[in-house]
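Participant: Just dropping this structure here.
Numbering (the working numbering), first residue to last: 6 to 218.
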């Protein structure tokens, strides 16, 4: 191999090594603040660096937090983690842009808190089986719709109020109780092809006028 070939080989090898060199980064720790324009600024030693939250840092940084940052370029600083924050500052998990999916393939997910608030424009829940257990349950909505094949409820007491109540049953509609009362302020109408009134001991009709036929 002549000198010219050796020199060319070394030049090519040097180019490959230079192309494979990683981009350097510098770690630093500082206190997060907000400037007059509402931008995040990290004070680390004598430096004040404009920083952005990294996508992996789901906990949204707040002013006064001690944060760990990665500086890739003079004007490119990323907040990688929140190390410590002042007591009383709310913890907000935020994923900006797009969608967010929490998955535990083959496992389970548990949420534990004294109070759980969910605010969304649209909610969809799909499951084979669901159990809701609580001491008190309140559902408030402009429109409520239930669709199913079987509805079973067990209550000690049921109280219902509505301005208009319409009910349609294709099959049997039966009420069984110790005492049944039906009261109307203006008109009560009972109609059927066959109407049966059966009183084992007494049948009584009372009114200012009684018409049959």
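Where a beta carbon is used, it is the ideal one built from N, C-alpha and C, also for glycine.
Taking all protein chains shown into account, decide if residue 70 is buried (16 or more other Cβ within 10 angstroms of its Cβ) or exposed.
Facilitator: buried
Participant: Going by alpha carbons, who is nearest to residue 85 out of 167, 31 and 196?
Facilitator: 31
Participant: Does the beta-carbon of residue 3 have 16 or more other beta-carbons within 10 angstroms, so that it is buried, or is it exposed?
Facilitator: Here the chain covers residues 6 to 218 and nothing more, so residue 3 does not appear.
Participant: Out of curiosity, what's the CA-to-CA distance linking residue 42 and residue 56?
Facilitator: 13 Å
Participant: Are the region 86-106 and the region 119-135 touching, with three or more C-beta to C-beta distances below 8 Å?
Facilitator: Fewer than three pairs of CB atoms, one per stretch, sit closer than 8 Å, so the region 86-106 makes no contact with the region 119-135.
Participant: Can you grab the Cα-Cα spacing for the pair residue 166 / residue 99, in whole Å?
Facilitator: 42 Å
Participant: Quick one: residues in its chain with C-beta nearer than 6 Å to the C-beta of residue 97, no 5 flanking neighbours on either side, listed in chain order?
Facilitator: 65
Participant: Kindly give me the distance between the Cβ atoms of residue 34 and residue 73, rounded to whole angstroms, as I take these residues to be in contact under 8 Å.
Facilitator: 6 Å
Participant: Taking only three categories from DSSP, how would you classify residue 108?
Facilitator: coil
Participant: Mapping DSSP to helix, strand and coil, what is residue 78?
Facilitator: The three-state reading of DSSP puts residue 78 in strand, counting E and B together.
Participant: Looking at the structure shown, is residue 24 part of a helix, part of a strand, or coil, going by DSSP?
Facilitator: Note: residue 24 maps to helix in three-state DSSP.
Participant: On the criterion of 16 or more Cβ atoms from any shown chain inside 10 Å, does residue 141 qualify as buried, or is it exposed?
Facilitator: exposed
Participant: Taking DSSP as the reference, what is the three-state secondary structure of residue 39?
Facilitator: strand
Participant: Which residues does DSSP pair with residue 48 in a beta bridge?
Facilitator: 36 and 53
Participant: Please go through the same chain and pick out, in chain order, the residues whose beta-carbon is closer than 8 Å to the beta-carbon of residue 80, but skip the five residues on each side of it.
Facilitator: Within its own chain, the residues whose Cβ lies closer than 8 Å to the Cβ of residue 80, once the five positions on either side in sequence are excluded, are 55, listed in chain order.
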